[in-house]
Amino acid sequence: HGIIWPNQKKIIAAVTAAAQGTPAPPEMAQWGRTALLASRVNFMLSIPMLFFMGAGSHFR
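The sequence shown begins at 671 in our numbering and counts up by one.
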């Protein structure tokens with residue numbers, strides 16, 4: 671069900687475990703990178719969507 675939230679949940683769980691003394695998993699950096707890139711893509715794709723939503727009201 672998505673990319674960003676599942677990866678962020680893994681990171682939150684790993685950080686919580688690290689606070690208890692468990693070492694951080696080596697794939698934690700990849701989880702963060704995946705969530706970061708997906709967030710950037712979401713942001714960049716929202717710009718044209720918002721433009722066309724606003725521009726659509728001016729054309730009939």
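We treat Cβ as the ideally placed atom computed from N, Cα and C, and that holds for glycine.
query                                                                                   : result
Endpoints, the alpha helix (DSSP H) within which Ala686 is located                      : The question names Ala, but residue 686 is Thr in the sequence shown. First-last of the alpha helix (DSSP H) with Thr686: 674-689.
Beta-carbon spacing of Thr705, Ile674 below 7 Å                                         : Note that residue 705 is Ala in the sequence shown here, rather than Thr. In this structure, Ile674 lies closer than 7 Å to Ala705 by Cβ.
Same chain only: Cβ atoms within 6 Å of Trp701, ignoring 5 sequence neighbours per side : Asn677, Lys680, Ile681
Coil, strand or helix - Phe713 by DSSP                                                  : helix
Integer Cβ distance of Met698 from Ala684, believed to fall under 8 Å                   : 5 Å
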